[in-house]
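Position 108 of the sequence shown, counting from 1, maps to 108 under this note's numbering, and the rest follow consecutively. Cβ atoms here follow ideal geometry from the backbone N, Cα and C, with glycine treated the same way.
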Amino acid sequence: MNKFFQLLVVIIFLVSSLSIFAIEMSTEEIIKGRKAMFKQNYSYAKKMSAAIKKDDKEMITGLAIKMSENYKKLIEYFPEDSKSGFKTEARPTIWEKKEEFNTLMKKAANEANDFSMMVNNLMGDELKDIQKKMIWSQCKNCHEKFRMPH
Ligand code: HEC
């Protein structure tokens, strides 16, 4: 009987720990989470432009890396059940053209990362022009197709 109870305790423990691992982010957490990351990337991009004016290369590099990390995480933030609610501005085209959307997100991540590695070899206007191409143009490219007018 003692053994039986021990086994029961072990089983209850296993089942309850499994269900703890199974808890996933709610739709609310997902939508709010992705909005927060986009907002953060906007602030990184603005800080980057300011750092370019000051020629603060260390700052520029750090911001580009953080931006790239956010884009990499963002790919996971568009599951099927997050198409609406919580003031999302995501357009249904994201799920109709998921491959294209993910490709743009990966491109944005890669270009931000590539940019971070080029910073030290660029100067003045060159730095500004390339940041425009590799960082700022990604936003518009994706928003035109995949974000609602706001
Ligand atoms: C690959 C696609 C993609 C790229 C690249 C992208 N965005 Fe977005 N962005 C979106 C989508 C989709 C939304 C809508 C998210 C939602 O509301 O659920 C969004 C929302 C936003 C928001 C609103 C967040 C909020 O609080 O509602 C801001 C600000 C923003 N993006 C800025 C930027 C900036 C700045 C860049 C470039 C540096 C950028 N985005 C690059 C797809 C993208």
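Query: Below 8 Å on the Cβ atoms is my contact criterion, and I expect residue 120 with residue 57 to pass it. Report the Cβ-Cβ distance as a whole number of Å.; Result: 6 Å
Query: Measuring alpha carbon to alpha carbon, tell me which residue in 113, 142 and 60 is nearest residue 99.; Result: 142
Query: For ligand 1, I want to know if residue 138 counts as a neighbour, meaning its beta carbon is within less than 8 Å of at least one of the ligand's heavy atoms.; Result: yes
Query: Here's a check: name, in chain order, each residue in its chain whose Cβ is nearer than 6 Å to the Cβ of residue 134, leaving out the five neighbours to either side.; Result: 111 and 115
Query: Less than 8 Å separating the Cβ of residue 94 from some heavy atom of ligand 1?; Result: yes
Query: Which residue from 62, 136, 29 and 68 puts its Cα closest to that of residue 86?; Result: 29
Query: I'd like to know if the segment 123–131 and the segment 43–59 are in contact, where contact means that at least 3 CB-CB pairs between them fall below 8 Å.; Result: yes
Query: Taking 8 Å as the cut-off, is the CB of residue 39 close to at least one heavy atom of ligand 1?; Result: yes
Query: May I ask which residues mark the beginning and end of the alpha helix (DSSP H) holding residue 84?; Result: Per DSSP, residue 84 belongs to no alpha helix (DSSP H) and is neither H nor E.
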